[in-house]
Amino acid sequence: MSSFTRRRFLTGALGTVAFTSLAACGPSGSSGGSTRLRAAFAAGGSKETLDPALVSQFVDQARAKALFDTLATYAADTSLRPGLAESWDSDAAGLRWRVRLRSAQFHDGTPVTSEDVLYTLSRIADPSLASDSRQYFATVDFPASKAVSATELELVLARPDFEFPSAFAAPGTEILPAGTKDFTAPVGSGPFRFGSFRPGGPAVFTKFEGHWAGAPTIDELEFVPVDDEAARVNALLSGQVHYAHDLAAASAARLAGQDGVTVLQAERTTMQAVLLRLTRPPFSDPRLVQAVLLGVDREALNRIALAGRGEVGNDLFGKGLRGYAADIPQRTRDVDTARRLVREAGAEGLAIPLETSGVDPAFDSAATLISQQLKEAGLTVTPDPLAASTYFSEIKKKGVAAHSRTATLPVPTFLGERFRTGASSNLTGYSNPEFDALLDRAAGTADEATRLTLFAEAQQLTHDDGGMLVWGFSDWNVGVSGVDGVVAAPPNTFDWARFDHARLR
Amino acid sequence: MIGYPLRRVALAFAQAFVLLVATFAMTALLPGDAASAVLGERATPEQILVVRHQLGLDEPPGIRFGHWLHGLLTGDLGNSLITGVPVSTELGARLGATAVLALVALLVLVPLAAAVGVGSGLAEGSRLDRALTVVTAVLHAVPEFVLGLVLVAAFAVRARLLPATAAGMTGADLLAAPAVLVLPVVVLVARQLCDLARQIRIGVAEHAHSEVATHLMLLGLRRRTVVLRHVLPGAAAPVVQQLARAIEGLLTGTVIVESLFAVTGLGTGFVEAVQNRDVPVVQGYVLVFAGVVLVGNLLADLATHRLTPHRELRPW
Amino acid sequence: MVNRVIGWVLVAVPALVALGGPLVPGDISSTSLPSAPPGAGHPLGTDVLGRDALAVVLSGGLSVVGITLAALLLAYAMGVPLGLVAAGRGRWLDEVLMRLLDLVLAFPSLLVLMVLAATGHRSAVVLVCAVAVVQLPAIARLVRAAALAPGCRTAAEALLLQGEPWWRIQAGYVVRSVAGPVVTDAGTRLGLVLYLLASANFLGLGLPSSAPDWAVVIERNRDALTTQPAVVLVPAALLIALCVGVNLLSDKALAHRRRS
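Protein chains in written order, with this note's numbering: chain A, 4 to 508; chain B, 751 to 1066; chain C, 5 to 264.
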C-alpha cells in the first residue's frame, strides 16, 4: 500500500506543496528492511512502569505480555493453556501443587528456572509491593514451598484450592528473573525484548529470536499512547498506526464499512458495571442500592451506550463463562419500587455523583443515560468526569458510585478478588462472612460440578447485595489496518494484544 | 518622576504577586482540602488530622504561603495528588511538545501576518485587500476546535495526506517529524492571523500614505526602501502590542489544539489535572501559563515604549 | 453594504434558531439508536446519545446565546459604572481602580475558567459570572477613556458650572456619549465571549456533557464527523455563522465610528 510508505503533505499555510516520505511518523510498513508494527493504546501518564506486577491499564498489560511470559494463559473460555509451565497437578487435597516448566530463556540468555518463578510469586504476594495481583497468591505458604529441580517446583497452600492454577494466567503474574528490582530496562522471557520506553510516552520493543514459541514475525513493536478514542480512530484511518485498541461500539460500526480497515470484535466479552460503595452513605443504606439496581433501564443502556451491540447484564460477572450463575433470574426495571425505596430512605432528590471517564467509550453515554433514568426514581445523579489515564486508580479512593469494566477472567477468580472481605480489588467494600466461607468451601471441593454449584450460590449473594450493577456486556473492539495475523480476543486472554504472529502488509 | 520602564517592571512584580496569592488561594476554593484529597474519601477523621499536620495545613495561612513560596523559589511545586509525582517533573515532561508547537506557530504567524498585512496595507482598498481581509476575518471567527475537526477529517482521515495525531511525541519527536505539526500549526495560526495582520495593515496603510512617505518617494527613494525603512518601523508599536495578545491567544489555543490532536503537552496535561481536581498540578500550570503571558505583556510594553518613547503610555 | 447584509443574515439565522428553536416541540430524550444517519423521523439523524439531532440543534442554541448575552449584560452592568466612577471626580479613586483592573487584566480568560472547573465550580451561573468578570477590566477602561475624551469632558464641566448636579450629568450626558463606543465594543466582545464559552464547553470545562449546547454536541459527536457529518456540521455551521456575523457587523460599526 503506497499510502503507508509514502505520503504527500501540503504545508497549507504557506501555500506551497511539498512531497516527502513520512518514515519518521507514519507506519513504515516493510520499507527500509525492518518491520515495525505501531499499536495505539490509551496510556497511563507519567506514573507508568514496566513492572508487570503493578499493571493497572491495558497498555501496561499489553507491554508486559510482549516482554514477559506467564506460567499459563487463558483461552477465550477461561480454560487454561500452558505457558512457561508445561504442566501442573496437585495432591488429592488440593494443597500441594507441582509445576513443571518448559525449557525457555530470558532475553539475556539465562534459562527460566523454578527459582525465578518462586521469586516472582513471593514478590507479588508481598503486601509491601501492594500489587493488585497479590490476592492470587495470598494463600501460598512460601517458606514451605520449594524448587524441586531447576524446572520443577512445589507450591504449598494454606488451605485447599482446586481453582489455584487460574492464578498462573492472571494479569500481573508475569515471570521475572530472580532478584529483579529495577524496571527501567527489564529483562523478560517474552517474544519481544526491551528497546526504549518513557512513562506516558511511546515504548519500542524488538523481537526476541530465542523465544520458546519461536521468534516473532515482525522486527519491532511500538506502543503509541493515544488516550482519546476519537484520536485513536483518526490515527488508524490516517494510517499512523496499524492497530487501534479499544474502540467504541459506534466507531466499530462506522469503521466496518471502510476499506482497508478491519474491526476485530470479541463479542459480549466485557462486563460494563457501576460499582456502588457499600461502606459509605448513601449506599450504606441497602434500600438505595436496590433502588439503583431497579431504577436503571438496562435495555436502553445497551441500545444507546453500546449502539445496540451489547447484551443485557444481570448484575453478575462473566456471562457465558464457566461457572456463571445463569439460573439467577434477570433483574428487570421497576421504577415504582425504586421510587418507593428512595422515599422510604428519605433520599428523594438526593444528589449522587457518578464517576465516569473517557477511558471506556461507553462510560460517558452510560452516565448520562443512568442519570436520566434514575431521575424517574427520584435520585439526582450527576456524572463526574475524571481523567482517563488515572481513572481506575482514582475510583479506588474517590466517589460513591463509579463506572467500571472487566474483560475475561475465570468467574471464581473474579469473585475472590472483587467480593472477598478486604480483597485487593474489592471496590464496593462488600463484606460478608457467609460469602467468604462459601468461597473457601467451593475452592476446597475437588469435584468440579459441585464446586461450580457452590460458586453459583456465592454469586447469588453478590447478586442480592454485592453493590455491583452490571448493565451490560460489550464487545471488545480493536481496529486494524495493514496488518494480518492479529485476532479478536478480549483482554486477559492469550490472543489479546498478541503481536508475535502479526504480518505487515 | 520615575521612568516608565521602571514603573512598568514594578507593575509586573505586583501582578506576579497577585498571581502567586491567587494561585495559592486556589486550594481554599476546594470543597474539601488537600488532606482529604490525598487520603481519598474513605479516610477517617483521625487520619485526616494526621495528614493535615504532615502537610502543614494546620498552620496559619500566612506561614503556609511562606512555605509554598519558598518551595516555589527552589523549584518545588509540590506533588501531584493523583500520581504523587513532583509537579515540576509532570510539567517538564510536557513542556517540550507545547513549546515546539507554540514557537513554530509563532514563527509561521509573524511572517505570514506581515506578508498579509503589508500586502493589503500597501494596496489598501484593492480587491486583494478586501479578499485578504474577509478571509482572515472568517478564519478568526471559526473556533479552533471546529476548524481542527474539519481539517483532520479532510486531510488526515479522508485524503490521508497528513497524520491525524501527535500522540506520545515529545518536542524533539515533533521537530523530527514536521508533517505532524502541519495541521495543529495551521489551526493555531488561523485564528491569530486576523488581528495581527489587521494591525499591520492599518499601520502600513497609515504610514504609506503619510506625508513623510510621500515626500521620501518624491525625493526619489525607491518604494521598497521607503516601505522597509520608514513605513514598517512606524507601524511597529501597535503591532508589538498585538503580538503580545497573539502570544496569549496561542497559549489558549494550544490547550484546544493539543486536545484535538492528542498532543502530550501542557494543554492536555492542564485539562487532565482540571478533570482530576489535582490542585498542585493545576497551580503549576496556572503559574506557567499566566507567567508567560505576564512576561510577554511586560516585554511588549517595554518594546512599545522604546519604539515610541514620546507617547505617554499607561503603565500597563 | 453587501458585507453588512451578509453580516445580518449570518447573525439572524443562528439567532433565530437559538431563540425560536426551543419553541419548536421536539423530544431530546434518548430514544433511538445512536449516530443513525438521516432518515424517517430524524431529518438530521441521531446523535451519539440516541437523541434526534434536529431537536438537539434546535434546543442547543439557547444556552450558547443566553449565557453569552447574560455574561455580557452583567459585564457591562458592572463595567460601565466602574468606568464612570473612575472617570469621575476622585483622582485617587481612579488610580486605585485602574491599578486593580491592571492586575486582573494579566490573566488569560480560559485560565480563569479552568481554575474554577478544577475546584469543582462549573455551571451556567459560574460561567456567566466568570466570563463577566474577565471582561470587566477592558470594559471599565474603555468607558473611562470615553468619559474622559476631550469633547465629553468639556461639555460635562460646562454643565457642572451651570449648576447641574453631578449624578445628572453622569446619567444624562456622559452615559449618552459613552453609549456609542460601548455598543461597538459590545459587538467585538460578543464574538470573543462566544468563542471563549464555546471553547470551554468543548474542553468539558463548562456545561455537563449531556447538555444539548452546540459546542458540547460538537465535542460529543466529533467521531461521527466523517460518516454522519450533519450532527457535527450543523451546530458547527450555526456557531461559525454567529461568530463570523457578529465580527462582520462589529467591524462595520467600528469602521463607521472611526470615519465619523
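C-beta: ideal position from N, C-alpha, C; glycine also.
Annotated three-state conformation of A:Tyr327 is coil, per DSSP. Residue environment for A:Pro168: buried (at least 16 other C-beta atoms within 10 angstroms of its C-beta). Within the model, the alpha-carbon separation for B:Arg910 versus B:Ala929 is close to 12 Å. From the listed residues A:Met274, A:Ala133, A:Ala251 and A:Gln275, the smallest Cα separation to A:Val266 is found for A:Ala251. In terms of beta-carbon proximity, B:Ile1006 lines the interface with chain C, with at least one pair separated by less than 8 Å. Judged by beta-carbon spacing, B:Val768 lies beyond the 8 Å limit of B:Leu859, meaning their Cβ atoms are not closer than that value. C:Pro47 and C:Arg226 have their C-alpha atoms some 19 Å from each other. The continuous beta strand (DSSP E) containing A:Asn480 extends over residues Met471 to Ser484. Contact check between the region 123-141 of chain A and the region 85-94 of chain A: fewer than three CB pairs, one atom from each, fall below 8 Å, which does not count as touching. The residue among C:Glu168, C:Arg95, C:Leu14 and C:Leu109 with its C-alpha nearest the C-alpha of B:Leu761 is C:Leu109. Membership of A:Phe44 in the beta strand (DSSP E) is indicated by the continuous run Arg39 to Phe44. Contact between the region 400-409 of chain A and the region 339-357 of chain A is present: 3 or more CB-CB pairs across the two stretches fall below 8 Å. Near chain C, meaning a CB-to-CB distance below 9 Å, the residues of the region 365-384 of chain A are Asp367, Ser368, Ala370, Thr371, Leu372, Ser374 and Gln375.
Identification of chain C residues near B:Leu938 by a Cβ-Cβ cut-off of 8 Å yields none; the smallest Cβ-Cβ distance measures about 13 Å. Contact between A:Gly326 and A:Leu160 is ruled out by a C-beta separation of about 20 Å, above the 8 Å threshold. Looking at the backbone, the Cα of A:Gly112 and that of A:Pro219 are separated by about 17 Å. Residue burial annotation: A:Leu121 is buried, with at least 16 other C-beta atoms found within 10 angstroms of its C-beta.
For A:Met274, DSSP records a beta bridge to A:Thr409 and A:Phe476. Under DSSP, no beta-bridge partner is assigned to C:Trp12. Residue-level contact check: A:Ala253 touches chain C, since one or more beta carbons of chain C fall below 8 Å from its beta carbon.
Remark: C-beta atoms of C:Leu198 and C:Val135 do not approach each other more closely than 8 Å. Neighbours of B:Gln1025 in chain A, taken as residues at a C-beta separation under 7 Å, are given in chain order as Pro388, Leu389 and Ala390. Linking A:Thr393 to A:Thr52 through their CA atoms gives a straight-line distance of about 13 Å. Here DSSP, grouped into helix, strand and coil, assigns A:Ser59 to coil. The alpha-carbon of A:Asn305 is positioned some 52 Å away from that of B:Gln992. Less than 8 Å divides the Cβ of C:Thr230 from the Cβ of B:Ala903.
Taking a cut-off of 8 Å on C-beta distances, the region 936-956 of chain B touches the region 987-1001 of chain B, as three or more cross pairs fall below it.
With fewer than 16 other beta carbons inside 10 angstroms of its own, C:Trp171 counts as exposed. Residue burial is scored here from C-beta neighbours: A:Thr187 has fewer than 16 other C-beta atoms within 10 angstroms and is therefore classed as exposed.
In this structure A:Asn480 is not in contact with A:Leu412, their Cβ atoms being roughly 19 Å apart against a cut-off of 8 Å.
Here A:Asp487 is exposed: its Cβ has fewer than 16 other Cβ atoms, across all protein chains shown, within 10 Å.
Taking CB atoms only, C:Cys133 has no neighbour in chain B less than 8 Å away. Taking the C-beta atoms as reference points, C:Leu211 is found nearer than 8 Å to C:Asn205. Listed along the chain, the chain C residues whose CB falls inside 7 Å of the CB of A:Ala233 are Arg226 and Asp227. Listed along the chain, the chain B residues whose CB falls inside 8 Å of the CB of A:Glu397 are Ile832 and Asn1026.
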